[in-house]
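K.L.:
Before I ask anything, here is the structure I am working with.
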Amino acid sequence: MALTHLLSLTDQALNQFVLGIGQPEFRSRQLRNWLFSNLEIDFQKMQNLPKAMQNSLQETATCSVLSLKAEQISEDGTTKWAFETQDKNVFESVLIPSENRRSLCVSSQVGCAMGCKFCRTASMGFIRNLSLGEILEQVHFANRHLKQHDGSRISNVIFMGMGEPLHNLEAVALACEILNSEDGFGISRNKITVSTSGVVPKILEWARRASQFKLAISLNGSNNLMRDSLMPINRRWPLEVLLETADEYIRLTGQRLTFEYILIKDITATPEAAHELKQIAAHRNCKLNLIPLNPGSFPGRSELAAPSESEIEEFENILNTGGFQVLRRKPRGRDIFAACGQLAIQQKEVA
Ligand code: SAH
Ligand code: SF4
């Protein structure tokens, strides 16, 4: 019988689970306290639970289906973990500490099917969706790590690791709810962000299903020709359709949207593109995150390069007069290939 992953249960489901193993309801409060306050995952160490309950938990439940395969620490403090699933797939998460934040970049899939030309994850292809437990365990693991280091907790979760989160929508939506739950991880809803390459029907489904969390759309091109050449998804849902959907999302949710925009020398980072992008962002309730290309070996597109500092500044100057917020994302963990678009594991290398 498959073990129940306790981190993947909502409050109600955990109550039900505890009743189901023949224990009174107040025990679920104690269990939750062990799991989320003490970050304990060893049932035998949950001292105030009766032995019989510890044994039932041992037989029917787990909090740990991932094993740590590798840890790399960047010179800027960013830490990348490679986790192995029980079926021997490997994926990564990245802890990005800053003065007042502990952000975790989580994966929602092993690999990715979207084939973006600038992204190393694309070279893995799609292997499988991560389960709810596998998604949440990344955050619990990071909390356990932080507890030992500085006593802090993950404050922000960004679904910007491997995979297209909206292709694993139900698990990602539930994960966000449990991350946000007061009795669970307790992370504020506006510190949970899901980033999509632009899966149009799923954006609308997300707006209905999980509108309280933040959504970022990877625009990455200011016209169809440019976006077609970088992101195969643009042929399915071209820019004008994506932007209409973005408007619909803003209308349905009342939330501000983030557009992510990758800066690639001579392709997306030209002054003409900046003017087009300004037109796109100017009359929408959005903010813009500019991400200078992080290096990698991009299959079939070895010519892709980051723009120079002065080219980036020129690009920013054009946008800065647009009346919307523009932020440049600082690259973190490039030396250990932990920055945006740098996550990739060749499964056979580690098998
Ligand atoms: N799959 C989702 C989320 C993961 S990628 C998505 O594509 O939105 C997170 C962000 O990193 C995306 O905005 C993506 O466009 C960007 N990105 C991918 N490869 C990159 C690279 N080599 N350099 C900089 N940003 C990159
Ligand atoms: Fe997938 Fe996002 Fe990488 Fe595109 S940028 S291949 S959608 S992980």
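Numbering (our numbering), first residue to last: 1 to 351. Ideal placement from N, C-alpha and C gives every residue a C-beta, glycine not left out.
Report the CB separation of S222 from I264 in whole angstroms; it is logged as a contact under 8 Å.
P.N.:
That belief does not hold up - the Cβ atoms of S222 and I264 are roughly 12 Å apart, past 8 Å.
K.L.:
Kindly list the residues whose CB is nearer than 7 Å to the CB of K147, restricted to its own chain and excluding five residues on each side of it in sequence; keep chain order.
P.N.:
Taken in chain order, the residues that qualify are L39.
K.L.:
How would you label M1, buried or exposed, when you count the other beta carbons within 10 angstroms and need 16 or more for buried?
P.N.:
M1 should be labelled exposed.
K.L.:
Quick one: give me the first and last residue of the beta strand (DSSP E) that L104 is part of.
P.N.:
Here the beta strand (DSSP E) through L104 covers R102 to C105.
K.L.:
My parser needs the beta strand (DSSP E) runs of 3 or more residues fully inside the region 281-326; what are they?
P.N.:
Here the runs fully enclosed are 286-292.
K.L.:
Can you tell which of L174, C112 and N129 has the C-alpha that lies nearest to the C-alpha of L343?
P.N.:
It is C112 whose Cα lies nearest to the Cα of L343.
K.L.:
Buried or exposed for S28, going by 16 or more other Cβ atoms inside 10 Å?
P.N.:
Flag for S28 reads buried.
K.L.:
Under a three-way DSSP split, which group does W81 fall into?
P.N.:
In the structure shown, W81 sits in a strand (DSSP, three-state: E or B).
K.L.:
So for F43, helix, strand or coil by DSSP?
P.N.:
DSSP places F43 in helix when its eight states are reduced to three.
K.L.:
Our contact map puts I345 next to E92 with C-beta atoms below 8 Å; I'd like the distance itself, whole angstroms only.
P.N.:
With 8 Å as the limit, I345 and E92 qualify as a contact, their Cβ atoms being about 7 Å apart.
K.L.:
For the ligand SF4, any of its heavy atoms closer than 6 Å to the Cβ of C112?
P.N.:
Checking every heavy atom of the ligand SF4 against the Cβ of C112, one is found closer than 6 Å.
K.L.:
Which partner residues does K214 have in the DSSP bridge list?
P.N.:
T193.
K.L.:
Starting from E260, trace the beta strand (DSSP E) both ways and give me its first and last residue.
P.N.:
Where E260 is concerned, the enclosing beta strand (DSSP E) stretches over L257 to L263.
K.L.:
From A61, T62 and K80, pick the residue whose C-alpha is nearest to that of A70; which is it?
P.N.:
Considering only alpha carbons, the answer is K80.
K.L.:
From the DSSP secondary-structure annotation, give me the bridge partner or partners of E92.
P.N.:
DSSP output for E92 lists A82 as bridge partner(s).
K.L.:
Is the beta carbon of I233 closer than 7 Å to that of E260?
P.N.:
Not a contact, by the Cβ cut-off of 7 Å.
K.L.:
I'd like the ranges of any alpha helix (DSSP H) spanning at least 4 consecutive residues and lying wholly in the region 215-259.
P.N.:
The region 215-259 contains these whole alpha helix (DSSP H) runs: 224-230, 233-236 and 239-253.
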